[in-house]
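Going letter by letter, the sequence shown gives residues 16 to 187 in my numbering.
Reading through the structure tokens given below for one structure.
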Amino acid sequence: FKIQEKQTQLQNLADRIQALDVKAQEEKNKAENRLAPTLAITGEQAAIDRAIAVKQLGLNAQFQALKGNLQLANDFVDKAVKAEFDPIKEQLDIKLQNLDLVSGMSDLTPKEKRMREARKMNVELALEGMKQKKAETEAIRKLTINAIAQGADQATQDALENSTSLEQATRI
């Protein structure tokens with residue numbers, strides 16, 4: 016790895032991280048200027064912050080991998096994956112708890128019980144799908160930082176970063 020190329024990649028990542036801050040501020044200002052209840056705007060701004068944080072953590076993982084700090088890079092990957100998927104898991108868990116509360120009601124008709132069971136099955140399937148996607152995302156991101164640490168060129172890094180499946184990433 017040439018030192019000049021490595022410095023260029025580090026600067027590129029630093030610029031991308033900084034650009035995300037600007038993008039977040041623009042999106043939050045846009046949300047604030049809409050005609051909507053304050054609570055809706057606040058929720059939208061929190062979602063923007065979370066999405067940007069996930070991207071920045073991923074870029075920080077790449078930055079640290081380029082510098083040779085694999086442990087720190089892996090920590091950033093873990094934090095990014097948690098930040099991306101834990102809120103989804105929490106929402107699905109709450110839906111399951113609510114459905115379990117409803118199942119304890121004795122005045123449900125057989126049709127309502129079947130509907131509740133169907134909804135519960137759908138939520139459980141969504142939860143399982145989310146867990147699989149989380150594991151796959153984490154594996155792709157760790158594959159990416161390992162490739163960076165081993166000196167992968169920018170095209171390979173970009174291809175790994177944009178992979179939509181682990182199978183696709185492992186073919187790169």
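We put the CB at the ideal spot given by N, CA and C, even for glycine.
query: Beta-carbon spacing of Leu85, Ala164 below 9 Å; result: yes
query: Same chain, Cβ closer than 8 Å to Leu7, five either side skipped, listed in chain order; result: Nothing can be reported for residue 7, as the shown portion of the chain is limited to 16 through 187.
query: Segment contact flag, the stretch 59-71 with the stretch 85-101, C-beta cutoff 8 Å, min 3 pairs; result: yes
query: Continuous alpha helix (DSSP H) assignments of at least 4 residues falling wholly in the stretch 23-105; result: 53-81
query: At least 3 beta-carbon pairs within less than 8 Å: the stretch 151-167 vs the stretch 75-89; result: yes
query: Span separating the alpha-carbon of Leu123 from that of Met130; result: 10 Å
query: Residue range of the unbroken alpha helix (DSSP H) whose run includes Asn137; result: 125-164
query: Exposure of Gln1, with buried meaning 16 or more beta-carbon neighbours within 10 Å; result: A query on residue 1 cannot be resolved here, the shown segment of the chain reaching from 16 to 187 and no further.
query: Test item: CB-CB of Ala184 and Ala150 under 9 Å; result: no
query: Residue range of the alpha helix (DSSP H) that includes Asp173; result: 169-176
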